[in-house]
Ligand code: PLP
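In the numbering used here, the protein residues as written are 94 to 493.
Structural data, given as structure tokens:
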């Protein structure tokens with residue numbers, strides 16, 4: 094009898110984790126690999142947040158909390174939505190989970206019936222299609238090419254909606270491209286959605302605070318209040334506050350959906366870590382001036398890598414509005430041969446070539462539903478980024 098269930102046939106392990114693990118193995122065997130595959134800030138969690146966590150332990154905040162978040166944290170989240178997004182949510186319209194990932198998963202698990210469709214603009218964050226499949230739904234991937242700024246347009250959306258469509262997933266600024274939707278672009282998509290009242294919107298705003306060159310963040314329930322009753326606005330502290338390990342994500346949305354998500358969570362992980370919730374509260378209510386400084390560092394690193402890739406024959410890269418990723422095109426390298434005479438057939442081969450030859454770990458674009466690209470995270474020390482770019486440039490120059 095087979096131990097593993099059918100669910101696993103639909104799901105693949107996260108490719109970014111697989112590459113990160115492979116790079117770690119090479120490193121353990123003494124090879125100097127530069128890992129640009131993982132999406133987490135290299136900055137520490139700010140000290141005032143760590144202090145709040147220590148205080149929570151000292152004060153005995155070590156017990157179960159309400160399943161989907163303490164009243165105090167929910168109040169801080171409501172303040173955040175009001176202050177930063179002009180969105181009003183009551184505590185019953187807010188859910189806190191163990192990372193944005195769990196919040197997204199709860200929402201999909203709570204709503205999808207077998208065969209329900211979820212529209213996912215590609216390139217997409219690797220987890221969306223697999224989460225949809227795990228919840229019994231059907232991911233409908235819409236390729237949004239570089240020529241359209243990696244962004245979905247209203248005509249594409251209109252053509253993809255069917256009576257089975259349950260959700261549209263938006264992610265801005267997005268992983269892996271860093272592309273951000275302006276308010277006017279969200280309005281155009283929203284106008285289309287108004288014609289299809291059965292479609293809900295899941296907007297993943299995880300990278301809201303990581304933005305460059307004065308680009309203005311907007312979220313769909315804010316620009317089109319008529320959609321708020323069928324929008325789940327997902328956010329979290331992982332990326333902005335350098336808190337990936339603390340595992341706190343949250344969402345604002347209609348009460349019936351939030352209640353259903355709490356039911357799912359109550360029978361799986363229960364409440365997120367009480368101490369991490371206290372830390373997240375300090376993050377959301379605390380100062381954010383450190384973000385300005387960190388964003389300037391991220392922007393300089395972004396520009397350093399952009400300059401290097403755009404100066405490398407065979408590579409080209411768009412300037413992202415936010416997040417900490419670049420998504421360069423490597424399609425001109427497809428068909429090139431290595432000095433050992435091996436032909437690079439696709440972006441997977443190119444990713445492998447960079448790992449073997451340049452000792453730089455990147456994630457091939459096909460993992461994100463877009464062949465002919467690769468993703469790097471520039472949330473890495475500047476000096477290492479310089480070395481990585483240099484190595485990639487040299488490896489590209491060695492190709493025939
Ligand atoms: N959404 C996007 C677009 C992400 O890139 C990530 C993490 O990589 C998440 C959600 C998950 O964040 P968390 O660490 O809070 O689960």
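By construction, the Cβ of each residue, glycine as well, lies at the ideal position given by its N, Cα and C atoms.
Output the boundary residues of the alpha helix (DSSP H) element that contains residue i.
i, result
"residue 234", "Premise fails: residue 234 lies in the beta strand (DSSP E), 231-236, not in any alpha helix (DSSP H)."
"residue 441", "440-446"
"residue 325", "Not the alpha helix (DSSP H): residue 325 falls in the beta strand (DSSP E), residues 324-329."
"residue 392", "382-403"
"residue 147", "140-151"
"residue 221", "220-227"
"residue 356", "348-359"
"residue 377", "367-378"
"residue 484", "475-490"
"residue 314", "313-316"
"residue 103", "100-103"
For a test of your reading of the model: does the CB of residue i fall under 7 Å from any non-hydrogen atom of the ligand MG? Yes or no.
i, result
"residue 299", "In terms of ligand content, the structure shown lacks the ligand MG and carries the ligand PLP instead."
Over what stretch of residues does the beta strand (DSSP E) that includes residue i continue unbroken?
i, result
"residue 198", "Taken as a continuous stretch (DSSP letters only), residue 198 belongs to no beta strand (DSSP E), being part of the alpha helix (DSSP H) at 193-204."
"residue 214", "210-215"
"residue 468", "467-470"
"residue 178", "That residue, residue 178, is in no beta strand (DSSP E); its alpha helix (DSSP H) goes 164-178."
"residue 343", "342-345"
"residue 190", "187-190"
Does any heavy atom of the ligand PLP sit closer than 7 Å to the C-beta of residue i?
i, result
"residue 265", "no"
"residue 194", "yes"
"residue 218", "yes"
"residue 362", "no"
"residue 162", "no"
"residue 130", "no"
"residue 329", "yes"
"residue 268", "yes"
"residue 346", "no"
"residue 475", "no"
"residue 326", "no"
"residue 337", "yes"
"residue 273", "no"
"residue 229", "no"
"residue 342", "yes"
I'd like to check one pair, residue j with residue i: are the Cβ atoms closer than 8 Å?
i, j, result
"residue 450", "residue 488", "yes"
"residue 278", "residue 250", "no"
"residue 304", "residue 154", "no"
"residue 216", "residue 467", "no"
"residue 345", "residue 186", "yes"
"residue 394", "residue 478", "yes"
"residue 171", "residue 372", "no"
"residue 408", "residue 398", "no"
"residue 68", "residue 134", "The structure shown does not extend to residue 68, since the chain spans only 94 to 493, so no value can be given for it."
"residue 281", "residue 314", "no"
"residue 235", "residue 254", "no"
"residue 209", "residue 233", "no"
"residue 338", "residue 195", "no"
"residue 354", "residue 203", "yes"
"residue 130", "residue 456", "yes"
"residue 461", "residue 207", "no"
"residue 259", "residue 293", "yes"
With a threshold of 6 Å on Cβ separation, who are the neighbours of residue i within its own chain once the five nearest residues in sequence on each side are excluded?
i, result
"residue 184", "167"
"residue 273", "265, 266, 308, 414, 415"
"residue 138", "335, 336"
"residue 377", "169, 173"
"residue 302", "333, 384"
"residue 116", "126, 128, 454"
Could you check whether the Cβ of residue i sits closer than 8 Å to any Cβ belonging to chain D?
i, result
"residue 438", "Within the model displayed, chain D is absent; a lone protein chain is all it includes."
Who are the Cβ neighbours of residue i in its own chain at under 7 Å, not counting the five residues just before and after it?
i, result
"residue 157", "363, 364"
"residue 141", "375, 379"
"residue 107", "219, 220"
"residue 425", "407"
"residue 357", "199, 202, 203"
"residue 283", "313, 316, 317, 320"
"residue 120", "126"
"residue 481", "127, 129, 453"
"residue 165", "374"
Which same chain residues, not among the five before or five after residue i, have their C-beta less than 8 Å away from its C-beta?
i, result
"residue 429", "407, 436, 437, 492, 493"
"residue 486", "401, 404, 405"
"residue 180", "174, 312, 314, 315, 321, 326, 345"
"residue 367", "149, 154, 155, 156, 157, 158, 163"
Please go through the region 406-464 and give each complete beta strand (DSSP E) segment of 3 or more residues, from N-terminal end onward.
none
Run through the region 239-302 for me and flag every whole beta strand (DSSP E) of 3 or more residues, listed as ranges in chain order.
258-264, 293-297
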